[in-house]
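Report on one structure; see the data block that follows.
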Amino acid sequence: IRNEFVNLGSDVILKCINKTWSEIIYIILNLNLRGRECRIYSDFENRYQNTCNDSKLLLNASTGEPLLFIPEFSIRDEGKYQCEFVYKGGSHNAHIHVLAIVCLPVWSGRAVRGWLCVWLNGGKPAASISWRNTWNSTSTTASAIETIHNQDGSYSVAGRLVLPDSGSEDHTLPGQRSTLRQTWHFVLG
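Just so we're on the same page, the numbering used here is the position in the sequence shown counted from 1, plus 17.
Structural data, given as structure tokens:
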């Protein structure tokens, strides 16, 4: 069993075995994609069946090896990919869990009345937020980080940071300097 993490929206090529088509008797790919099951089959007599009813294709690499091509990987393509190969001299099974990674757009926070608020929407896996400051304040605390699991499988994460009392509500974005020359950062992980 192996795990593959791919960027949402990217073209994905899965390789299950290091054998060429000339060695393979048949290939069966059983896919369980978020509860939806389908199958791709091919054999040495060039019989081909694909019940996935989408754009997934079994391709022949320039090296002669079979590859599964998944264009524009979406949340609907997440799941278990079971590859069964029978070839001259043996057989091979591979189980691959394929999961999407959603890169969050860089979104900054806003400082209002002594709080810095950060909201990250639509990430996968869920982002983590941690805080680091460069001022000498022991009263600086972050509130609980809130994580929401969205219906599309992505996550939204919110966090707040209490800013030190500077006598001013003028704070700038992470990595920048305020009028009091205080620097603060939020770190996404």
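Glycine included, every Cβ here is placed at the ideal spot set by N, Cα and C.
Between which two residues does the beta strand (DSSP E) holding residue i run?
i, result
"residue 83", "83-87"
"residue 108", "107-118"
"residue 19", "19-24"
"residue 66", "65-67"
Expressed to the nearest angstrom, what Euclidean distance is found between the alpha-carbon atoms of residue i and residue j?
i, j, result
"residue 57", "residue 118", "25 Å"
"residue 94", "residue 51", "8 Å"
"residue 24", "residue 174", "19 Å"
"residue 44", "residue 168", "34 Å"
"residue 106", "residue 163", "54 Å"
"residue 82", "residue 35", "7 Å"
"residue 74", "residue 85", "6 Å"
"residue 142", "residue 170", "9 Å"
"residue 79", "residue 60", "18 Å"
"residue 18", "residue 97", "10 Å"
"residue 104", "residue 26", "33 Å"
"residue 176", "residue 144", "11 Å"
Between residue i and the rest of its own chain, which residues show a CB-CB distance below 7 Å, the 5 nearest in sequence each way excluded?
i, result
"residue 166", "172"
Starting from the C-beta of residue i, find all residues in its chain whose C-beta is less than 6 Å away, skip the five residues before and the five after it, and write them out in chain order.
i, result
"residue 33", "100, 111"
"residue 207", "An answer regarding residue 207 cannot be provided, because it is not within the stretch 18 to 206 covered by the chain."
"residue 20", "114"
"residue 155", "Unreliable placement is indicated for residue 155, whose pLDDT of 45 sits below 50; the coordinate value is still reported in the next sentence. Closer than 6 Å at the Cβ level, and outside the excluded window around residue 155, lies no residue."
"residue 30", "84, 86"
Below 8 Å CB to CB, which residues in the same chain sit around residue i once its five sequence neighbours on both sides are set aside?
i, result
"residue 54", "47, 48"
"residue 37", "80, 81, 82"
"residue 42", "60, 61, 103, 104, 105"
"residue 108", "101, 102"
In chain order, each beta strand (DSSP E) run of at least 3 residues that lies wholly inside the segment 32-59: Annotation note: the segment 32-59 contains the following uninterrupted beta strand (DSSP E) runs of length 3 or greater, listed N- to C-terminal: 41-50.
Cβ contact check for the segment 63-81 and the segment 109-121: 3 or more pairs under 8 Å: Note that the segment 63-81 does not touch the segment 109-121; fewer than 3 beta-carbon pairs, one per stretch, sit closer than 8 Å.
At least 3 beta-carbon pairs within less than 8 Å: the segment 58-67 vs the segment 84-94: Not touching, per the Cβ criterion.
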